[in-house]
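In this note's numbering, the protein residues as written are 243 to 702.
Just so you know, even glycine gets a beta-carbon here, dropped at the ideal spot from N, CA and C.
None of these values were measured; they are calculated from a predicted model.
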C-alpha cells in the first residue's frame, strides 16, 4: 500500500495554475454550458465550430481535458423567509429533497515540456518519479502558454454559448481533493483500492472507455435526434454526447481528452505505419484494410488541412451500494449504444486512466489508450449541455425541470427581453383539453400577485 501524499502528481499550486512533478503546467476553468433542450440544429453546428477554432490555437504538446461531473443531489428550499405565502410554503415542503442530477463542467488546459516522454500504462507517474524539465523553470514558456490559453478562452466566450471562469489558487487544491473523493466535500482523503475490486472509500467504481477506433461510433456529428421528443415529421435535437451526459441518471464523470501534437511528426509516424502495413498486406486482409484506412486518413489530413489529434473518452461511474452495479452497467451500456458506441468495461488500465484524470495530470495519460482522429470528429464527443439554472431575477414563476421535476425559478417577462429573445411580454398558452392551461394560468397569476404586480383579469 502506498501513501497518496507521496505519489500525488501535483507538485505546487501557484499563479492560478497546477505544476506537476513531471513539469506540466495546467490551468483550470469552470464552464457554464447552454441548458439542455434549448439549442437548435444551427446552434449545435455553430457551437461545434467554436470548439474546433478554439483547439486550433492551442500550442503543440498541449492537452485539452474536459471533465463533466454529474452527481446525485437533493433539492433544498429555503425555509428562512417568513413572509412566504401558505401555497409557497406548501410547495417548498412538497419539493423538499426532490432528487436531481447536479452538473458541473471543467476545462483543464495542460502544457507539456518539449522533451517530455509520453505516458503509457507501464510508465505512469503512479509507478515512477522523474526530474522536473528545464523548460518548466523558464517563465517565458509559462507566459507563452497563457497567451494561447487567453485566445482559447476568448474564442469560446465570444461564441455566446459558454462563460468561463478560471479557478484560482485557493480553490485548486479543493478541486483535486474533490476528484480523489469522487465529489465528497470531506477534507480527508479516502482509501483508493484497485484490487480485488475498485473502491474509493465506500464507493464501488466502474470505468467505460472509448479508447480505440473500433469502440467509437462509425458516424458522429454535433447533434443526434432525441426520440422521446421526436415524431415522424419533426426531429428534436440534443448534443451527440448527451446520452452519457445529462440523460444518464447516475453518479458519473465524463472525461474528454484531446492531445495536440506536432503535426509533421504525426504525419511521419503514419507514413511509416502505412509503409509497414503495405509490406505486410499480402499476408492478411486485415493488414490490407488497415493500410487503406491509414491512406485515407493521410489523404484527408493533407488535402483538407485537417488537424490530426489523439483522443480518448471515458465514463467513470460509482455507487455506494454494490447491488446497484448491475443496474448501472445496464444504464451505461444502453447510453453508449444510443451513440452507436461499443460499451467496453475497462479492467486492465483503469488505475492509470483514473490517475491521469487527476486535475493537472492529463499529460500523464497512457497514450496506448488513445486513437488517432481529427479535431472536428473529436469535438463531436464533447458534452455540450447542462441542467436548468434558476434565474437571478427577483420576478418570475416556479417551473419544473423537464428531467427531474426539480423547481426552477424562471423569469418569462423581463429576462427574455434583456437577452434579446423577444421584444414584448405577451404570452400565448396553447394546449389540448386537459393539458393544464387553466392550472398554469392560476399559478402564473398567483406568482406575480405575490411579487406585488397589479393584475387585471378579463374572463371572456
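Is it buried or exposed, residue 617, if we count other Cβ atoms within 10 angstroms and call 16 or more buried? Here residue 617 refers to the residue found at position 375 when the chain shown is read from its first residue. The residue in question, residue 617, is buried, as its Cβ has 16 or more Cβ neighbours within 10 Å.
Go ahead and label residue 488 buried or exposed: buried means 16 or more other beta carbons lie within 10 angstroms of its beta carbon, across all protein chains shown. What you label residue 488 is simply residue 246 of the chain shown in a count that begins at 1. So residue 488 ends up on the buried side.
Can you give me the C-alpha to C-alpha distance between residue 655 and residue 500, rounded to a whole angstrom? Counted from its first residue, the chain shown places residue 655 at position 413. Counted from its first residue, the chain shown places residue 500 at position 258. The alpha-carbon atoms of residue 655 and residue 500 are separated by roughly 41 angstroms.
Continuous alpha helix (DSSP H) stretch holding residue 414: start and end: Start at 1 with the first residue of the chain shown, and residue 414 comes out as number 172. Run containing residue 414: 411 to 422, per the alpha helix (DSSP H) assignment.
For a test of the three-state rule: what should DSSP assign to residue 445, helix, strand or coil? As a working mapping, residue 445 is identified with position 203 in the chain shown. Correct three-state label for residue 445: strand.
Cα separation between residue 246 and residue 601? As a working note, residue 246 is residue 4 in the chain shown. As a working note, residue 601 is residue 359 in the chain shown. Those two C-alpha atoms are separated by around 15 angstroms.
State the beta-bridge partners of residue 286 as determined by DSSP. Along the chain shown, read from residue 1 onward, the residue named residue 286 stands at position 44. Beta-bridge pairing links residue 286 to no other residue.
Alpha carbons only, please: which of 512, 250, 350, 557 is nearest the one belonging to residue 431? In the chain shown, residue 431 corresponds to position 189, counting from 1. Taking only the C-alpha atoms, the option nearest residue 431 is 250.
Smallest Cα separation from residue 544: which of 576, 506, 403, 581? As a working note, residue 544 is residue 302 in the chain shown. Nearest option by C-alpha distance: 506.
Quick one: Cα of residue 542 to Cα of residue 508, how far? In the chain shown, counting from the first residue as 1, residue 542 sits at position 300. In the chain shown, counting from the first residue as 1, residue 508 sits at position 266. One C-alpha to the other measures close to 14 angstroms.
Span separating the alpha-carbon of residue 399 from that of residue 295: The residue given as residue 399 occupies position 157 in the chain shown. The residue given as residue 295 occupies position 53 in the chain shown. Approximately 12 angstroms between the Cα atoms of the pair.
Hey, which unbroken runs of the alpha helix (DSSP H) at 4 residues or more fall wholly within the segment 321 to 364? 328 to 337
Determine the extent of the beta strand (DSSP E) in which residue 310 is found, giving its start and end residues. Looking up residue 310 in the chain shown gives position 68. 304 to 316 is the span of the beta strand (DSSP E), which, as asked, contains residue 310.
Check residue 405 in the structure and name its three-state DSSP category. For the purposes of this step, residue 405 is taken as the residue at position 163 of the chain shown. Strand, per DSSP.
Fully enclosed by the segment 439 to 500, which beta strand (DSSP E) runs are 3 residues long or longer? 445 to 452, 465 to 467, 479 to 481
In angstroms with no decimal places, state the Cα-to-Cα distance between residue 222 and residue 480. Coverage of the chain is limited to positions 243 through 702, which leaves residue 222 absent and any answer about it impossible.
Label residue 464 either buried or exposed according to how many other C-beta atoms from any shown protein chain fall within 10 Å of its C-beta, with 16 as the threshold for buried. Position 222 of the chain shown holds residue 464. Residue 464 should be labelled buried.
Report the residue from 635, 631, 636 whose alpha carbon sits nearest the alpha carbon of residue 642. Taking the chain shown and counting its residues from 1, one reaches residue 642 at position 400. Nearest of 635, 631, 636 to residue 642, Cα basis: 631.
Could you round the C-beta distance between residue 449 and residue 494 to whole angstroms and report it? I think they count as a contact, below 8 angstroms. Mapped onto the chain shown, residue 449 falls at position 207. Mapped onto the chain shown, residue 494 falls at position 252. Their Cβ separation, rounded to whole angstroms, is 10 angstroms, which puts residue 449 and residue 494 out of contact at 8 angstroms.
With distances taken from CA atoms, which of 474, 244, 287 is nearest residue 624? Here residue 624 refers to the residue found at position 382 of the chain shown. For residue 624, the nearest C-alpha among the options comes from 287.
Please classify residue 496: is it buried, with 16 or more other beta-carbons within 10 angstroms of its beta-carbon, or exposed? Residue mapping note: residue 496 aligns to position 254 of the chain shown, counting from 1. It is buried - the Cβ of residue 496 has at least 16 other Cβ atoms within 10 Å.
With distances taken Cα to Cα, identify the nearest neighbour of residue 392 among 354, 350, 319, 417. Sequence index remark: in the chain shown, residue 392 carries index 150 (1-based). Among 354, 350, 319, 417, the Cα nearest to that of residue 392 is on 350.
Alpha carbon to alpha carbon, what distance is there between residue 272 and residue 405? As a first step, residue 405 must be located in the chain shown, where it is residue number 163. As a first step, residue 272 must be located in the chain shown, where it is residue number 30. So the alpha carbons of these two residues sit roughly 8 angstroms apart.
Which ranges would you report for the beta strand (DSSP E) in the segment 625 to 692 if only whole runs of at least 3 residues count? 639 to 642, 649 to 652
Can you tell me which of the three DSSP states residue 697 falls into? Counting from one through the chain shown, the residue named residue 697 turns up at place 455. Coil at residue 697, not helix or strand.
Under the three-state DSSP convention, the category residue 566 falls into: Counting from 1 along the chain shown, the entry for residue 566 is found at position 324. Here residue 566 sits in helix by DSSP.
Kindly give me the distance between the Cβ atoms of residue 671 and residue 682, rounded to whole angstroms, as I take these residues to be in contact under 8 angstroms. Locating residue 671 in the chain shown gives position 429, where the first residue counts as 1. Locating residue 682 in the chain shown gives position 440, where the first residue counts as 1. About 6 angstroms separates the two Cβ atoms, so the contact holds.
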